[in-house]
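Residue numbers (the numbering used here), protein chains in the order written: chain Z, 1 to 275; chain F, 276 to 550. Ideal placement from N, C-alpha and C gives every residue a C-beta, glycine not left out. Note that the structure is a prediction, hence the values are computed from the model and not measured. Here's the structure, in structure tokens; my notes come after.
2 protein chains.
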Amino acid sequence: MGKTTSVKTIDRLVAVLDCFSSERPAWSLTELSQQLGLPKSTLHRFLTALESHGVLRCDPRDRRWRLGYRLLIWGNLAAESSGLRHVARPIMEELVATTRETAILTVYYQQEVVCIEKVETNHPVRMTLHVGTRRPPHAGASSKVLMAYLPEEEVRAIIQDKGLPRLCVNTITDPDRLWEELARIREQGYAESHEETDLGAWGVATPIFDRGGEVIAAIGVAGPRSRYTEQRAQEFVALCRQAARRISALIGAEPSTLGRESDEFPWKEVIARVP
Amino acid sequence: MGKTTSVKTIDRLVAVLDCFSSERPAWSLTELSQQLGLPKSTLHRFLTALESHGVLRCDPRDRRWRLGYRLLIWGNLAAESSGLRHVARPIMEELVATTRETAILTVYYQQEVVCIEKVETNHPVRMTLHVGTRRPPHAGASSKVLMAYLPEEEVRAIIQDKGLPRLCVNTITDPDRLWEELARIREQGYAESHEETDLGAWGVATPIFDRGGEVIAAIGVAGPRSRYTEQRAQEFVALCRQAARRISALIGAEPSTLGRESDEFPWKEVIARVP
DNA sequence: AGAGGTGTTCCATTATTTGGAACTTGTTCC
DNA sequence: GGAACAAGTTCCAAATAATGGAACACCTCT
Chain Z
1 MGKTTSVKTI DRLVAVLDCF SSERPAWSLT ELSQQLGLPK STLHRFLTAL ESHGVLRCDP
61 RDRRWRLGYR LLIWGNLAAE SSGLRHVARP IMEELVATTR ETAILTVYYQ QEVVCIEKVE
121 TNHPVRMTLH VGTRRPPHAG ASSKVLMAYL PEEEVRAIIQ DKGLPRLCVN TITDPDRLWE
181 ELARIREQGY AESHEETDLG AWGVATPIFD RGGEVIAAIG VAGPRSRYTE QRAQEFVALC
241 RQAARRISAL IGAEPSTLGR ESDEFPWKEV IARVP
Chain F
276 MGKTTSVKTI DRLVAVLDCF SSERPAWSLT ELSQQLGLPK STLHRFLTAL ESHGVLRCDP
336 RDRRWRLGYR LLIWGNLAAE SSGLRHVARP IMEELVATTR ETAILTVYYQ QEVVCIEKVE
396 TNHPVRMTLH VGTRRPPHAG ASSKVLMAYL PEEEVRAIIQ DKGLPRLCVN TITDPDRLWE
456 ELARIREQGY AESHEETDLG AWGVATPIFD RGGEVIAAIG VAGPRSRYTE QRAQEFVALC
516 RQAARRISAL IGAEPSTLGR ESDEFPWKEV IARVP
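This is the structure:
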């Protein structure tokens with residue numbers, strides 16, 4: 001975890017910001033100081049400094065701290081600056097137009113799966129997953145696909161560190177079954193999920209490779225069980241495969257085919273390898 | 276600007292992250308060191324530390340630094356934790372259903388206007404503005420509404436610091452005309468914009484007040500000129516007013532009316548005053 | 001009015017960041 | 001092919017910036 005190069009203040013900053021979650025979006029000074037084991041004075045200075053930059057905001061009413069607008073701005077820029085995302089977007093839109101279900105683009109990052117782009121269907125009953133949402137890597141089609149192409153030791157580390165918590169009725173909670181499933185996914189080249197993450201949801205996903213043959217992301221389609229048929233599932237797999245192949249192709253493509261990109265680093269932007 | 280309480284490392288962090296923009300999403304070490312006037316060694320340690328936390332990422336191919344996924348995650352959480360946003364969302368969805376145009380929710384923040392929520396119409400030709408996008412405060416309906424209710428000295432500061440750059444054909448670039456416009460907006464209680472920010476776009480917006488009568492946000496509807504009629508504009512103003520009033524009411528409402536909120540701080544979450 | 005909690009300020013101490021210089025790596029040009 | 005250059009990386013003594021205990025201020029509730 002702790003790298004040779006580290007700046008303590010940054011470690012602390014990350015620790016502070018990581019306290020905030022959907023479940024616990026607001027903290028008082030005292031609560032945070034207990035959570036982090038830091039003296040109130042130190043933390044107070046820290047929080048105030050962050051507030052002056054809009055990274056946090058302190059509600060004067062309840063004296064509680066929340067994430068601030070500057071993070072919104074940076075988050076938006078981070079999303080924008082993903083070349084993969086730019087390339088994938090129009091292809092995802094086509095995918096949604098054809099399947100009439102929500103499409104998501106995900107990457108693996110530090111034992112979690114992060115949604116970096118989504119295009120929603122306009123069906124009233126739909127699957128919704130916001131950009132930036134994190135999910136455990138063992139449940140759901142996109143997650144499993146990404147996990148399937150991870151190095152073995154990484155998978156082992158995940159199982160050890162995070163376990164395989166049951167998120168929904170069909171979540172795979174047994175390590176052996178998970179290993180089998182990952183092997184099958186690699187073999188068939190896609191993953192399928194039925195109510196592994198959310199009740200009444202199903203989905204399929206395929207891997208996106210970079211030029212070096214590494215999996216850098218997954219593209220998936222998800223919808224409500226009510227619209228599931230085996231035939232649709234198979235069609236969706238084919239469509240995701242096609243979409244993934246097109247994205248892969250664009251990622252390795254010549255500058256000219258990519259259209260407008262920054263003038264300064266025309267195509268390097270796009271092939272930005274996802275960590 | 277410089278507060279009494281400050282942590283230098285945080286100031287520096289913000290300075291680093293603020294280098295990244297839509298126009299310039301990728302920086303090499305040397306470029307950044309020149310931009311910030313920092314020695315490469317210092318910066319290198321800093322960037323590496325940020326990378327180890329996923330705040331930045333360094334593309335191994337072009338050795339350029341970009342904003343990382345952790346910012347995506349935090350940005351997403353920041354958006355989620357805005358109580359205002361939660362309250363406004365369903366009302367905005369209704370607004371979109373009625374007007375068939377895109378609705379946006381914006382706040383004023385440090386001489387800029389930030390979009391904190393949007394609901395898009397599914398019309399193929401539509402106005403699109405992503406959450407987290409910043410705009411100058413002198414152009415566009417939502418921006419002008421927020422500016423209209425700012426303290427006079429703040430408006431003066433904006434004009435002095437940022438000027439009134441022409442963004443589009445009808446942008447107000449003359450300070451006197453802007454002051455007039457802001458006065459009119461306060462008088463009539465809404466703002467209208469025709470091609471002030473984007474060619475072929477128009478919109479209206481109304482202010483959202485908190486219990487203390489302060490303007491904390493603006494709600495607006497925007498669409499393409501091709502669907503503009505004077506009558507629609509007037510209807511939209513009425514609908515925005517109504518939406519704003521409903522949001523204002525909810526912001527000051529009793530816990531019970533708000534439905535599911537965190538168990539720990541039921542309604543305080545919602546009345547979180549926007550800075 | 002007092003008790004108990006929360007948030008805020010102060011300042012000497014100490015640990016952390018700093019950045020010049022030296023080193024490594026990779027690219028370009030002869 | 002190798003020399004020259006540029007970009008990135010590591011090191012370490014110096015100095016500065018963060019630390020946190022303690023004392024203070026401010027609420028709120030009984």
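Reduced DSSP category for residue i - H, G, I as helix; E, B as strand; rest coil
{"i": "leucine 17 of chain Z", "result": "helix"}
{"i": "glycine 200 of chain Z", "result": "coil"}
{"i": "valine 400 of chain F", "result": "coil"}
{"i": "aspartate 334 of chain F", "result": "strand"}
{"i": "isoleucine 219 of chain Z", "result": "strand"}
{"i": "valine 549 of chain F", "result": "Per-residue confidence for valine 549 of chain F stands at a pLDDT of 34, beneath the threshold of 50, marking its modelled position as unreliable; the derived number appears in the next sentence. In this structure, valine 549 of chain F counts as coil in the three-state DSSP scheme."}
{"i": "phenylalanine 484 of chain F", "result": "strand"}
{"i": "glutamine 104 of chain Z", "result": "Before going further, note that residue 104 of chain Z is isoleucine rather than glutamine in the sequence given. Three-state result, isoleucine 104 of chain Z: strand."}
{"i": "proline 224 of chain Z", "result": "strand"}
{"i": "histidine 361 of chain F", "result": "helix"}
{"i": "glutamate 192 of chain Z", "result": "strand"}
{"i": "serine 316 of chain F", "result": "helix"}
{"i": "arginine 410 of chain F", "result": "strand"}
{"i": "asparagine 76 of chain Z", "result": "helix"}
{"i": "serine 297 of chain F", "result": "coil"}
{"i": "aspartate 272 of chain F", "result": "With chain F covering 276 to 550 only, the question about residue 272 of chain F has no answer from this structure."}
{"i": "cysteine 168 of chain Z", "result": "coil"}
{"i": "glutamate 254 of chain Z", "result": "Note that glutamate 254 of chain Z has pLDDT 32, beneath the 50 cutoff, so the model's placement of it is unreliable and no number is given."}
{"i": "leucine 182 of chain Z", "result": "helix"}
{"i": "glutamate 395 of chain F", "result": "coil"}
{"i": "valine 282 of chain F", "result": "coil"}
{"i": "leucine 47 of chain Z", "result": "helix"}
{"i": "leucine 346 of chain F", "result": "helix"}
{"i": "leucine 150 of chain Z", "result": "coil"}
{"i": "serine 81 of chain Z", "result": "coil"}
{"i": "threonine 99 of chain Z", "result": "helix"}
{"i": "arginine 214 of chain Z", "result": "According to the sequence as given, residue 214 of chain Z is glutamate; it is not arginine. Three-state DSSP puts glutamate 214 of chain Z in coil, outside helix and strand."}
{"i": "lysine 162 of chain Z", "result": "helix"}
Whether residue i touches residue j by CB criterion (8 Å)
{"i": "arginine 452 of chain F", "j": "tryptophan 477 of chain F", "result": "no"}
{"i": "alanine 458 of chain F", "j": "alanine 480 of chain F", "result": "no"}
{"i": "tyrosine 552 of chain F", "j": "proline 335 of chain F", "result": "Nothing can be reported for residue 552 of chain F, as the shown portion of chain F is limited to 276 through 550."}
{"i": "tyrosine 108 of chain Z", "j": "leucine 67 of chain Z", "result": "no"}
{"i": "isoleucine 10 of chain Z", "j": "alanine 324 of chain F", "result": "yes"}
{"i": "serine 52 of chain Z", "j": "serine 281 of chain F", "result": "yes"}
{"i": "threonine 121 of chain Z", "j": "valine 155 of chain Z", "result": "no"}
{"i": "leucine 239 of chain Z", "j": "threonine 99 of chain Z", "result": "yes"}
{"i": "threonine 106 of chain Z", "j": "alanine 217 of chain Z", "result": "yes"}
{"i": "serine 418 of chain F", "j": "glutamate 80 of chain Z", "result": "no"}
{"i": "glutamine 111 of chain Z", "j": "aspartate 161 of chain Z", "result": "yes"}
{"i": "isoleucine 302 of chain Z", "j": "arginine 211 of chain Z", "result": "Here chain Z covers residues 1 to 275 and nothing more, so residue 302 of chain Z does not appear."}
{"i": "cysteine 19 of chain Z", "j": "glutamine 34 of chain Z", "result": "no"}
{"i": "histidine 194 of chain Z", "j": "asparagine 351 of chain F", "result": "no"}
{"i": "leucine 564 of chain F", "j": "valine 362 of chain F", "result": "It is not possible to answer for residue 564 of chain F, since the shown part of chain F is limited to 276 through 550."}
{"i": "alanine 15 of chain Z", "j": "tryptophan 65 of chain Z", "result": "no"}
{"i": "glutamate 196 of chain Z", "j": "threonine 171 of chain Z", "result": "yes"}
{"i": "proline 450 of chain F", "j": "isoleucine 434 of chain F", "result": "yes"}
{"i": "proline 165 of chain Z", "j": "proline 137 of chain Z", "result": "no"}
Supposed contact pair residue j and residue i - C-beta distance, whole angstroms, cut 8 Å
{"i": "methionine 402 of chain F", "j": "glutamate 427 of chain F", "result": "With 8 Å as the limit, methionine 402 of chain F and glutamate 427 of chain F do not qualify as a contact, their Cβ atoms being about 31 Å apart."}
{"i": "alanine 141 of chain Z", "j": "leucine 167 of chain Z", "result": "So it is not a contact: roughly 13 Å between Cβ atoms."}
{"i": "isoleucine 116 of chain Z", "j": "glycine 220 of chain Z", "result": "About 12 Å separates the two Cβ atoms, so there is no contact after all."}
{"i": "tryptophan 74 of chain Z", "j": "leucine 292 of chain F", "result": "6 Å"}
{"i": "lysine 114 of chain Z", "j": "arginine 134 of chain Z", "result": "Note on identity: in this sequence residue 114 of chain Z is valine, with lysine being the wrong assignment. Yes, they are in contact, since the Cβ atoms of valine 114 of chain Z and arginine 134 of chain Z sit about 5 Å apart, within 8 Å."}
Residue(s) in a DSSP beta bridge with residue i
{"i": "cysteine 115 of chain Z", "result": "Z:Thr106"}
{"i": "arginine 339 of chain F", "result": "F:Ser303, F:Asp334"}
Closer than 7 Å: residue i CB and nearest the ligand GTP heavy atom
{"i": "serine 327 of chain F", "result": "Among the ligands in the structure shown, none appear at all, so the ligand GTP cannot be discussed."}
_the segment 442 to 459 of chain F: positions lying closer than 8 Å to chain Z by Cβ_ = none
*Check distances from the C-beta atoms of the segment 340 to 355 of chain F to those of chain Z and list, in chain order, the residues that come in under 9 Å.*
Arg341, Leu342, Gly343, Tyr344, Arg345, Leu346, Leu347, Ile348, Trp349, Gly350, Asn351, Leu352, Ala353, Ala354, Glu355
*Identify each residue in the segment 27 to 52 of chain Z for which the Cβ-Cβ distance to at least one residue of chain F is less than 7 Å, and report them in chain order.*
Arg45, Phe46, Thr48, Ala49, Leu50, Ser52
_Along the segment 411 to 438 of chain F, where does the CB come closer than 8 Å to a CB of chain Z? Name the residues._
none
*Anything in the segment 104 to 117 of chain Z with a Cβ closer than 8 Å to a Cβ of chain F? List those residues in chain order, please.*
Val107, Tyr109, Gln110, Val114, Ile116
*Name the residues in the segment 11 to 22 of chain Z whose C-beta lies less than 8 Å from a C-beta of chain F; which are they?*
Asp11, Leu13, Val14, Leu17, Phe20, Ser21, Ser22
*Mind checking the segment 221 to 254 of chain Z against chain F and listing, in chain order, the residues whose C-beta falls within less than 8 Å of any C-beta there?*
none
*What residues in the segment 87 to 104 of chain Z have a beta carbon less than 8 Å from any beta carbon of chain F?*
none
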